[in-house]
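Note that the protein sequences, when read in sequence, are chains A and B. Per the working numbering, the very first residue in the first sequence carries number 25; after that it's consecutive. Per the working numbering, the very first residue in the second sequence carries number 25; after that it's consecutive. Scroll down for the structure; my scribbles are underneath it.
Number of protein chains: 2
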Amino acid sequence: MDYIRIRKALISVSDKTGICGIAAFLHENGCEIISTGGTGQALQSAGIPYTEISRITGNPEAFGGRMKTISYQIESALLFDREKDANEAARLGIEPIDIVICNLYPFAKVKEAGANLETLIENIDIGGPTMLRAAAKNYQSVAAVTDLTDYPDLMAEMKANNLSLSLATRHRLMLKTFNYTADYDSLIATTLDQQAGQRTLRLAFKDGLPLRYGENSHQQGWFYRGRNDSPSLSDLRILHGKELSFNNIADIQSAVESVRGLLNYGCAIIKHKNPCGLAQAADQLRAFQLAWEGDPVSAFGSIIAFNKTLDLAAAEFLRLNDPDKSCRKFIEVIIAPAFSEAALNYLKFHKNLRIVAINPAALTGTFDYKFMNNSLLMQDTDSTLYSQLENVTENHYDTSANLDLIEFGLQAVRQLKSNAIVIVRKKPDDSCQLLGMGAGQPNRLVSTRLALDKSRENLEREFSQKKSDLDLPAYVRQVLTDSLLISDAFFPFPDNVELAAAAGIKNILQPGGSLRDKAVIQTCNNLSVAMVFTGTRHFKH
Amino acid sequence: MDYIRIRKALISVSDKTGICGIAAFLHENGCEIISTGGTGQALQSAGIPYTEISRITGNPEAFGGRMKTISYQIESALLFDREKDANEAARLGIEPIDIVICNLYPFAKVKEAGANLETLIENIDIGGPTMLRAAAKNYQSVAAVTDLTDYPDLMAEMKANNLSLSLATRHRLMLKTFNYTADYDSLIATTLDQQAGQRTLRLAFKDGLPLRYGENSHQQGWFYRGRNDSPSLSDLRILHGKELSFNNIADIQSAVESVRGLLNYGCAIIKHKNPCGLAQAADQLRAFQLAWEGDPVSAFGSIIAFNKTLDLAAAEFLRLNDPDKSCRKFIEVIIAPAFSEAALNYLKFHKNLRIVAINPAALTGTFDYKFMNNSLLMQDTDSTLYSQLENVTENHYDTSANLDLIEFGLQAVRQLKSNAIVIVRKKPDDSCQLLGMGAGQPNRLVSTRLALDKSRENLEREFSQKKSDLDLPAYVRQVLTDSLLISDAFFPFPDNVELAAAAGIKNILQPGGSLRDKAVIQTCNNLSVAMVFTGTRHFKH
């Protein structure tokens, strides 16, 4: 049956928000209302007549409210097949109930308030899920309403359809109901397990979107949103361009994470989840330029994020409509909390460029999960940059004067796959730039070499484009001497220091904690290198 | 009340396995049994007397079985507080039920059998969850039994305690019940959503184990097992050594994944989730040696996995008790499906070495998940090595003769972080070795350079240890010419081919699919390089 006329309603809610509105609407349209204890009182105060549930069940509410609705009469009225079982129901004196409006004891709320086991147990609803599940099972004839934000739409539908609800609506309500009871018992199970010292974890996701494919075209892929209302990466809005791929989404996360903590205007350039360009500056275009210059080769085909509304001046750095096509900078995705209209119009010139709006600042999560073969590693997110800044060498690095650079560099190294080394520098205008990085290497020395090579390569290009009193080697050396090298974990041997110092590096920041810290510090002193211990490692695998 | 005497039982099960055993036990010990339809028939056939539930509820089973147990009488008997509500219960004629034995309509089974929506809906149990949840809520006085594998223990406990069950047992059963109903409604919700074209995903984990910390010491960490019974990484058994760390577990996964598909005896050496050594050979010791020689520096402090029972000869390669301590190879974790007694005793010499038993072959999963800021990327696992092996150049690589090397190398490159390049070789005895790898770089050219550098470094060491008619440069070049270079994704430009060919590489395998494939192939032809297209990319981020 497509439309069902709502002639009899059972209303029993814990959260009474909006209940009198829909109850009055039903009553005024000739629907009989059955209700229970507290809900009944609310209806009475609002002058809405109702039938006490005990008149239907033939039984009194009992045991401090533990028994109210559960009865042969109520669940029969919800469950019987309106066609097949009609005679049997008539013989048994069961009259159909067409809608159940019910939300459950606030287990989540009392849990969050820190309730003890007894209070938690008292707040496990038994009758409510029974009614709701019975109504949902019989959605062919019954509407199960759990979500008070649905009341307005339901009233509108009933108003437009002679107090009837469609099968499509009842089906939608059914799906919502089983998700609601699944969430409810999931929270009960995990909470009571935790009280008992057992750890159960239940993660729920919704609105799964099939992607063109997974990491590779022979793998299927999907993107889900968390079922809770916390900010989610899936809050992103695609303003323009091709569909996002699985790898785009993964890289967007890294881009957003990389740019989130930056000061002033920040820009991150991501390739395969690693930032290969990162900068912060007082001007957005400058931040973009400085980030791009961190690895102008890899930046092609990259994912780029900004921490503030993108303006036209910065967007034009891509030279998307330059008559000389070789000057156009091809990138895959551009991300910002918002885009000025001029910037957006400009970027749309590139037909395939994915323009994505999401605010990195909103995306702070508490936990991080790694799935592995039907197991799960869970951890706090890595949200501490450093626990100390202690000069451990004869030469000192001025940590106060360079706090912005230190925090900038730690954010870069934290986001890179281990072993990770970054070389960062502060320009005269206080902008900060990732000059070179080495990441994902099994041997830290290789990462240091990669970071130095990239820095030198960038400085050689820079030298060729500017006037300097120095020759090239002296220029490169001078910049490296003024820069800061940061390691995501301690140096197991002094070799990294030797390699860096030979290139001109004079300032190194690392967590410390190796058995050979003394030898490492001694090497620094021999080479006039200043070393700062942060006390905080940033492995990321 | 600690122990509760079981005087009255309600038994209503869908899966009747073992039910007559426990019912007979209860009956013989003077417990009254209440039962329903099909369960009652089973008891009757076994000669076990019981009370028809309709004698308690006063109502007939109705509506094709939709109404059986739900009633004011049954749920009151389960829910009332045995102390506070005793008088009220007596007045209402409610007698306590002390145990509910119930398992639910087999929704999972009919789902797996491909049932349609109507059949799925019919298999949603309403009365069962109501009884179970009521009994569990009142676990202070009632036992809720959902799992038939619990029957023997419960009978043993009742036998030993004058037909009584302890509070601890009832509490444990309560936790099990809410997890059971949470799983049940989770499956219903996701299944019916899927039928309606909506994608909901619910992942459940159990037995969460707090780790010393997460990826870093300022992060808390936990390790969970999947709630389903599929093989899980948490099936691993720690036979010896220090507690596993968060990063150990993550690396163990990579080690197990790296070694799983290898032929004969396989060995993988992992650093930061990347294999830096990988080999297969007809002999286990040889496989270990060849893997170690892939990166003997990084292998220190690594995680090592074998695909077959580890024997003493291979284990002794670590030289753990060599009087010359500098010869001892320090590693973090050693993994194998099993260990010979001699190997195990030998390895235990190293107090801190974590010895882990897990069978890589058992750990095949269907899906892979990436959690990102309250969202989730889900994909099929990357289980296809190649879709074709097509020679696209004038020179041909003998893919039939080298199928073992190709599959070996593809397994290596598939496991490495992108961009990934491997150089692999086959020895005269048909063993295969990872000679050098480059991984995790934003620019593929850097990965190629890293793989070539590592290969050359390894070959220089090899040259110094053996006799050869060639000089060093010729030796290195000869081995590289006989080796195979594999790229995890296509070459966007010919530069990688030029770099590799300059080092002596003559055989390259890659997926193909670049806009510039033609130019890449032309470069190969100009440089007499054979190139094979696989059609299958292996990005891994």
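We treat Cβ as the ideally placed atom computed from N, Cα and C, and that holds for glycine. All of these numbers come straight from a predicted model, not from anything done at the bench.
Per-residue DSSP class, three states only, for F514 (chain B):
Taking the first residue of the second sequence as 1, we reach residue 514 (chain B) at position 490. F514 (chain B) falls in the coil class under three-state DSSP.
Please confirm if I555 (chain B) has its CB atom under 7 Å from at least one CB of chain A.
The residue you call residue 555 (chain B) lines up with position 531 of the second sequence. The sequence given here places Met at residue 555 (chain B); Ile does not occur at that position. Cβ-Cβ to chain A under 7 Å: no for M555 (chain B).
Using DSSP bridges, identify the partner residues of V37 (chain A).
Locating residue 37 (chain A) in the first sequence gives position 13, counting from the first residue. For V37 (chain A), which the question treats as bridged, DSSP gives the partners A:N127.
Beta carbon of N443 (chain A), beta carbon of S471 (chain A): below 7 Å?
Sequence index remark: in the first sequence, residue 443 (chain A) carries index 419 (1-based). Sequence index remark: in the first sequence, residue 471 (chain A) carries index 447 (1-based). Using a Cβ distance threshold of 7 Å, N443 (chain A) and S471 (chain A) count as a contacting pair.
Between N186 (chain B) and chain A, is the shortest Cβ-Cβ distance under 7 Å, so that the two count as touching?
In the second sequence, counting from the first residue as 1, residue 186 (chain B) sits at position 162. Judged by the 7 Å Cβ criterion, N186 (chain B) is not in contact with chain A.
Rounded C-alpha distance that separates L434 (chain A) from F487 (chain A):
Counting from 1 along the first sequence, the entry for residue 434 (chain A) is found at position 410. Counting from 1 along the first sequence, the entry for residue 487 (chain A) is found at position 463. L434 (chain A) and F487 (chain A): Cα-Cα distance of roughly 27 Å.
Can you tell me whether S424 (chain A) is buried or exposed? The criterion is at least 16 other CB atoms within 10 Å of its CB, across all chains shown.
What you label residue 424 (chain A) is simply residue 400 of the first sequence in a count that begins at 1. The residue is exposed, with fewer than 16 neighbouring Cβ atoms inside 10 Å.
Nearest CA to the CA of E365 (chain B): which residue from B:V357, B:P384 and B:L334?
Stepping through the second sequence from its first residue, residue 365 (chain B) is reached at position 341. Answer by Cα proximity: B:L334.
Look up C456 (chain A) in the DSSP assignment and give the residues it is bridged to.
Residue numbering aside, residue 456 (chain A) sits at position 432 when the first sequence is read from its first letter. A:Q304 and A:K450, per the DSSP bridge assignment.
Ends of the beta strand (DSSP E) at V169 (chain B)?
By one-based count along the second sequence, residue 169 (chain B) stands at place 145. Its beta strand (DSSP E) spans residues A167 to V169.
Closer than 6 Å by C-beta to A159 (chain A): which residues in its own chain qualify, once you throw out the five before and the five after it? Chain order, please.
Taking the first residue of the first sequence as 1, we reach residue 159 (chain A) at position 135. Once the five neighbours on either side are set aside, the close Cβ partners of A159 (chain A) are L102, V124, V166 and A168.
Just by C-beta distance, which residues in the region 315–333 of chain A are closer than 7 Å to chain B?
Answer in chain order: D319, V321 and S322.
Per DSSP, what kind of secondary structure is A279 (chain B) in: helix, strand or coil?
Counting from one through the second sequence, the residue named residue 279 (chain B) turns up at place 255. Looking at A279 (chain B) - three-state DSSP - the assignment turns out to be helix.
Per-residue burial, K133 (chain B) [other beta carbons within 10 Å of its own, 16 or more giving buried]:
For the purposes of this step, residue 133 (chain B) is taken as the residue at position 109 of the second sequence. Around the CB of K133 (chain B), fewer than 16 other CB atoms lie within 10 Å, so the residue is classed as exposed.
Note down, in chain order, every chain A residue with its Cβ under 9 Å from the Cβ of R561 (chain B).
The residue labelled residue 561 (chain B) in the question sits at position 537 within the second sequence. Under the 9 Å cutoff, chain A gives E239, N240, S241 and H242.
Quick one: Cα of I145 (chain A) to Cα of A206 (chain B), how far?
Along the first sequence, one-based indexing puts residue 145 (chain A) at 121. Along the second sequence, one-based indexing puts residue 206 (chain B) at 182. Between I145 (chain A) and A206 (chain B), the C-alpha separation is close to 16 Å.
Please compile the residues from chain B whose C-beta is within a distance smaller than 9 Å of the C-beta of K230 (chain A).
For the purposes of this step, residue 230 (chain A) is taken as the residue at position 206 of the first sequence. Within chain B, the C-beta atoms nearer than 9 Å to that of K230 (chain A) come from D217, Q222, R223, T224 and L225, in chain order.
Contact check, F87 (chain B) vs D105 (chain A) under 8 Å by CB: the rounded distance?
Counted from its first residue, the second sequence places residue 87 (chain B) at position 63. Counted from its first residue, the first sequence places residue 105 (chain A) at position 81. Confirmed, about 7 Å.
Could you tell me whether the region 528–541 of chain B touches the region 342–362 of chain A, using the rule of 3 or more Cβ pairs below 8 Å?
In short, these stretches do not touch, since the Cβ pair count stays below three.
Give the secondary structure of E340 (chain A) by DSSP, where H, G and I count as helix, E and B as strand, and everything else as coil.
The residue labelled residue 340 (chain A) in the question sits at position 316 within the first sequence. Correct three-state label for E340 (chain A): helix.
Chain B contact for D109 (chain A) (CB, 7 Å cutoff)
Numbered from 1 along the first sequence, position 85 holds the residue referred to as residue 109 (chain A). Chain B, which has a Cβ nearer than 7 Å to the Cβ of D109 (chain A), makes this yes.
Taking a cut of 8 Å between CB atoms, which residues from the region 240–272 of chain A lie near chain B?
Within the region 240–272 of chain A, the residues whose Cβ lies closer than 8 Å to some Cβ of chain B are N240, S241, H242, Q243, Q244, G245, W246, F247, Y248, R249, G250, R251, N252, S254, P255, S256, L257, S258, F270 and N271, listed in chain order.
Note down, in chain order, every chain A residue with its Cβ under 8 Å from the Cβ of I510 (chain B).
Here residue 510 (chain B) refers to the residue found at position 486 of the second sequence. Within chain A, no residue comes near I510 (chain B); the closest Cβ sits about 15 Å away, beyond 8 Å.
Can you look up F49 (chain A) in the DSSP assignment and give me helix, strand or coil?
Translated into the one-based positions of the first sequence, residue 49 (chain A) becomes position 25. Per DSSP, reduced to three states, the secondary structure at F49 (chain A) is helical.
Where N443 (chain B) meets chain A, residues with beta-carbon distance less than 7 Å:
Residue numbering aside, residue 443 (chain B) sits at position 419 when the second sequence is read from its first letter. Listed along chain A, the residues sitting closer than 7 Å to N443 (chain B) by beta-carbon distance are H296.
Can you look up G221 (chain B) in the DSSP assignment and give me helix, strand or coil?
Residue numbering aside, residue 221 (chain B) sits at position 197 when the second sequence is read from its first letter. Coil.
Am I right that E239 (chain A) and Q403 (chain B) are in contact with their C-beta atoms under 8 Å? What's the rounded C-beta distance?
Stepping through the first sequence from its first residue, residue 239 (chain A) is reached at position 215. Stepping through the second sequence from its first residue, residue 403 (chain B) is reached at position 379. At roughly 6 Å, the Cβ-Cβ gap stays under 8 Å, so E239 (chain A) and Q403 (chain B) are in contact.
Relative to the C-alpha of K451 (chain B), which residue among B:S507, B:E484 and B:A475 is closest?
Position 427 of the second sequence holds residue 451 (chain B). Selected option, being the one with the closest Cα: B:S507.
Kindly list, in the order they appear in chain A, the residues whose Cβ is closer than 8 Å to that of E112 (chain B).
Translated into the one-based positions of the second sequence, residue 112 (chain B) becomes position 88. Neighbours of E112 (chain B) on chain A, chain order: A86 and F87.
How far does the alpha helix (DSSP H) with L257 (chain B) in it reach, from first residue to last?
The residue given as residue 257 (chain B) occupies position 233 in the second sequence. In this chain, L257 (chain B) is not harboured by any alpha helix (DSSP H), its DSSP state being neither H nor E.
Thinking C-alpha only, which one of B:S59, B:Y237 and B:N271 is nearest A33 (chain B)?
Residue 33 (chain B) sits at position 9 when you count from the first residue of the second sequence. The candidate whose alpha carbon is nearest that of A33 (chain B) is B:S59.
Taking the straight line between their C-alpha atoms, what separation do you get for A192 (chain A) and I212 (chain A)?
Position 168 of the first sequence, counted from the start, is the residue given in the question as residue 192 (chain A). Position 188 of the first sequence, counted from the start, is the residue given in the question as residue 212 (chain A). Roughly 30 Å between the two C-alpha positions.
Can you tell me where the alpha helix (DSSP H) holding M402 (chain B) begins and where it ends?
The residue you call residue 402 (chain B) lines up with position 378 of the second sequence. Unbroken run through M402 (chain B) is the beta strand (DSSP E), S399 to D404; no alpha helix (DSSP H).
Secondary structure of G245 (chain B), DSSP reduced to three states
Along the second sequence, read from residue 1 onward, the residue named residue 245 (chain B) stands at position 221. Reduced to three states, the DSSP call for G245 (chain B) is strand.
For V437 (chain A), tell me which candidate among A:L371, A:Y163 and A:L302 has the shortest Cα-Cα distance.
Within the first sequence, numbered from 1, the residue matching residue 437 (chain A) stands at position 413. Closest in C-alpha terms to V437 (chain A), from the list A:L371, A:Y163 and A:L302, comes A:L302.
Spell out whether any CB of chain D is found under 7 Å from the CB atom of P466 (chain A).
No chain D appears in this structure, whose protein chains are A and B.
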